[in-house]
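Numbering (the working numbering), first residue to last: 941 to 1163.
All remarks here apply to the structure that follows.
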Amino acid sequence: MAELAKNRPPNRIAYYAFGQTAEPAEPYRSRRTDDTVLIRQAQEGNTDAFEQLVRHYDQTVLRLATHLTGSQDDAQEIYQEAFLRAYRNLPRFRFECSFYTWIYRIVTNLCIDHLRKNRFRTREVSTETSAEGDQEQQIVDRIPDHRPGVSPERALLTRELRDHILRALDKLSPRERMVFELKHYQGLKLQMVAVILNTTENTIKNTLFRATHKLRLELAEVR
């Protein structure tokens, strides 16, 4: 197997890091087979194949990093580092999980490290939600959503409320916040969150319970 040039990653990584690609990500299921082919080609030294993998996931990775860090600048740095690590470690990729899961794991680990170093940094980021359970729904429903087509009532939530919610999220441990955001902002199932964070689904459930409980206490005064 040809070793990828560790010090010469594809030039386009830096280009995509600024979110300039116009190609939307294809549905995950339809990409799986293509990813396998591209990975094998990239492992043989085909940098064009790796660039195609970057194109498949660049916006997904950038959005994830932006949600988890709350900073476009930090997200771009994490984005670039994530794909550099993927490129350098691709020769050792053994297809034990999908590339989707693998790159998510790299990004979340980088974000956890970032959050530990910047624990109380104020975030300014719009959010998306996908919640199950009454307690979690009550918390998620308080978070402003600025997506196109969102109802005017939801869009009119005050900046003060948003800042209060983001400060509450910042008081969670990095891992608690990571689990909460992967579940609700990224819409991932707990089983997938467990795979990404390399732990059991039961552990993720317990972590999510703690995070939800802490957020409820922090937001009890917000009506």
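Just so it is clear, CB atoms sit at the ideal spot from N, CA and C, and this is done for glycine as well.
None of the values given here were measured: they were computed from a predicted structure.
{"query": "Integer-rounded CB distance, given that M1118 should sit under 8 Å from T1009", "result": "The pair is not a contact, with the Cβ atoms about 11 Å apart (cut-off 8 Å)."}
{"query": "Cβ neighbour criterion (16 or more within 10 Å) applied to H1153", "result": "exposed"}
{"query": "Given 8 Å, three or more beta-carbon pairs between the region 1123-1130 and the region 1142-1149", "result": "yes"}
{"query": "Inter-residue spacing [alpha-carbon to alpha-carbon] between I1136 and F1149", "result": "18 Å"}
{"query": "Beta-carbon gap between Y997 and I1043 smaller than 7 Å", "result": "yes"}
{"query": "For Q1126, the three-state DSSP class (helix, strand or coil)", "result": "coil"}
{"query": "I1046 vs R1025 beta-carbon contact at 7 Å", "result": "yes"}
{"query": "Under 7 Å between C-beta atoms of Y1019 and L1002", "result": "yes"}
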